[in-house]
Amino acid sequence: MTGTKVFSVRKEHLEIFSEYLDRDVKIDFYIPSYISESSEKPSLLIINDGQDLEKMDFDLILGELQNEIKPLICAGIHCSADRKMEYGIIDHTDFLGRGAKANNYASFILEEFLPLAEKRYNSDGYSSKSFAGFSLGGLSAMDITWKYPGEFSLVGVFSGSFWWRSLDQDNPKYDDNKHRIMHQVIRKGNYQPHLDFFFQCGNMDETRDRNNNGVIDSVDDTLDIIKELLNKGYTKDDIVYMEMPDGRHDVMTWGKAFPYFLRWGWGK
Numbered sequence: 070m071t072g073t074k075v076f077s078v079r080k081e082h083l084e085i086f087s088e089y090l091d092r093d094v095k096i097d098f099y100i101p102s103y104i105s106e107s108s109e110k111p112s113l114l115i116i117n118d119g120q121d122l123e124k125m126d127f128d129l130i131l132g133e134l135q136n137e138i139k140p141l142i143c144a145g146i147h148c149s150a151d152r153k154m155e156y157g158i159i160d161h162t163d164f165l166g167r168g169a170k171a172n173n174y175a176s177f178i179l180e181e182f183l184p185l186a187e188k189r190y191n192s193d194g195y196s197s198k199s200f201a202g203f204s205l206g207g208l209s210a211m212d213i214t215w216k217y218p219g220e221f222s223l224v225g226v227f228s229g230s231f232w233w234r235s236l237d238q239d240n241p242k243y244d245d246n247k248h249r250i251m252h253q254v255i256r257k258g259n260y261q262p263h264l265d266f267f268f269q270c271g272n273m274d275e276t277r278d279r280n281n282n283g284v285i286d287s288v289d290d291t292l293d294i295i296k297e298l299l300n301k302g303y304t305k306d307d308i309v310y311m312e313m314p315d316g317r318h319d320v321m322t323w324g325k326a327f328p329y330f331l332r333w334g335w336g337k
């Protein structure tokens with residue numbers, strides 16, 4: 070009887086100093102063992118909140134899928150204590166001034182991290198580059214991918230913080246159609262035909278329902294992001310939406326969803 074070959078995944082931890090963030094950045098690279106044997110160029114997936122990958126046994130997730138997905142190197146970038154300032158939307162802070170360093174974080178990704186990843190692991194270039202993240206890290210991944218479509222082709226957002234708003238929802242003048250920042254950024258942006266999107270939400274992400282329609286805010290906000298993308302010209306073939314009935318706003322839920330994302334994005 071012939072068994073299915075299982076590949077190991079090497080985890081390599083690096084710390085680099087970022088001039089843009091003025092701090093040391095911790096990065097975990099996950100590299101399947103067969104990458105060195107493959108003639109096919111690998112893709113690169115950057116993941117915000119990379120410190121959470123170990124909690125979901127990401128090396129096992131990636132290793133178990135190696136016979137199902139194309140060559141893929143993943144890089145989990147750890148957040149810092151300044152997470153709510155570094156993650157956010159470029160050029161747009163929220164109503165409390167959070168996300169003020171989103172520009173710096175994007176510059177770190179583009180000008181410091183990507184050159185490192187190419188020089189260290191694939192000097193010939195990657196076949197594609199993609200971004201993913203959880204919660205506020207998902208918002209950051211979405212924004213950077215949207216702003217730099219020449220660099221990225223695909224984004225995965227797990228329980229994304231698409232509520233990010235320019236006016237407090239308790240303000241009488243608050244309006245979903247005017248004050249949710251990412252929705253406005255997409256509405257004012259340009260259609261890029263090569264981009265693909267994966268969104269995951271859990272029905273137990275939260276309990277808030279600001280418009281009292283019986284749907285929690287995280288689901289409403291994500292579905293409205295999808296509406297903005299469809300209005301921009303994307304089709305249902307470009308977008309995957311995964312709603313998990315028992316899904317919570319936690320690492321365990323995102324770990325369960327991640328294999329579906331990997332099969333969708335890089336399936337053979």
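In our numbering, the protein residues as written are 70 to 337.
Quick reminder that beta carbons are idealized off the backbone N, C-alpha and C, glycines included.
All values derive from a computational prediction rather than experimental measurement.
For residue i, does the three-state DSSP call read helix, strand or coil?
i      : result
ALA326 : helix
GLN261 : coil
GLY202 : strand
ILE100 : strand
SER392 : Summary: the structure shown does not reach residue 392, with the chain confined to residues 70 through 337, and so no result is reported for it.
ILE213 : helix
ILE130 : helix
GLN269 : strand
LYS337 : coil
ASP92  : Contrary to the premise, residue 92 reads as Arg rather than Asp in this sequence. Strand, per DSSP.
ARG279 : coil
Between which two residues does the alpha helix (DSSP H) containing residue i stretch?
i      : result
TYR174 : 171-176
GLN135 : Here GLN135 belongs to no alpha helix (DSSP H), and DSSP marks it neither H nor E.
ILE248 : One point to set straight first is that residue 248 is His, not Ile, in the sequence displayed. Where HIS248 is concerned, the enclosing alpha helix (DSSP H) stretches over 245-248.
GLU350 : With the chain represented from 70 up to 337, any question about residue 350 goes unanswered, as that position is not in the structure.
MET154 : 152-155
Taking Cβ positions, are residue i and residue j nearer each other than 8 Å?
i      : j      : result
ASN117 : GLY202 : yes
PHE221 : LEU90  : no
ILE308 : LEU298 : yes
ARG332 : ILE138 : yes
ASP274 : SER287 : yes
THR322 : MET313 : yes
GLY271 : ILE130 : no
TYR260 : LYS305 : no
GLN253 : SER228 : no
VAL78  : ASP126 : no
TYR99  : GLN135 : no
GLU159 : ASP212 : The sequence as given places Ile at residue 159; Glu does not occur at that position. Contact: yes.
LYS153 : LEU114 : no
Mind checking which residues open and close the beta strand (DSSP E) that includes residue i?
i      : result
HIS318 : Here HIS318 belongs to no beta strand (DSSP E), and DSSP marks it neither H nor E.
ASN300 : Unbroken run through ASN300 is the alpha helix (DSSP H), 286-301; no beta strand (DSSP E).
LEU185 : Per DSSP, LEU185 belongs to no beta strand (DSSP E); it is in the alpha helix (DSSP H), 183-190.
SER112 : 112-117
LEU223 : 223-227
Which same chain residues end up closer than 6 Å to residue i when comparing Cβ atoms and leaving out the 5 residues on each side of it in sequence?
i      : result
SER196 : LYS110, SER112
SER235 : PHE164, HIS248, ILE250
VAL94  : ILE85, SER87
LYS124 : VAL320
ALA210 : ASN117, PHE200, ALA201, GLY202, VAL224
GLU155 : LYS170, TYR174
GLU181 : SER87
Taking residue i and residue j to be in contact with their CB atoms under 8 Å, please state how far apart those CB atoms are, rounded to whole angstroms.
i      : j      : result
GLY207 : SER230 : 7 Å
GLY119 : GLY145 : 2 Å
THR214 : LEU264 : 7 Å
PHE266 : GLY334 : With a Cβ gap of about 10 Å, PHE266 and GLY334 do not count as contacting.
LEU185 : TYR217 : That pair is no contact at about 17 Å.
PRO140 : SER107 : 5 Å
GLY157 : TRP233 : 7 Å
Please return the same chain residues whose Cβ sits closer than 7 Å to the Cβ of residue i, not counting the five positions on each side in sequence.
i      : result
TYR243 : LEU236, ASP237
ARG256 : GLU297
ARG92  : SER149
LEU122 : ASP97, ILE116, GLY145
Report all residues from its chain with a CB closer than 8 Å to the CB of residue i; omit the five preceding and five following residues, and keep chain order.
i      : result
THR71  : Note on THR71: pLDDT 42, under 50, position unreliable in the model; the coordinate value appears next. Cβ within range, chain order: n/a, list empty.
THR291 : VAL226, GLY229, PHE231, PHE268, CYS270, TYR310
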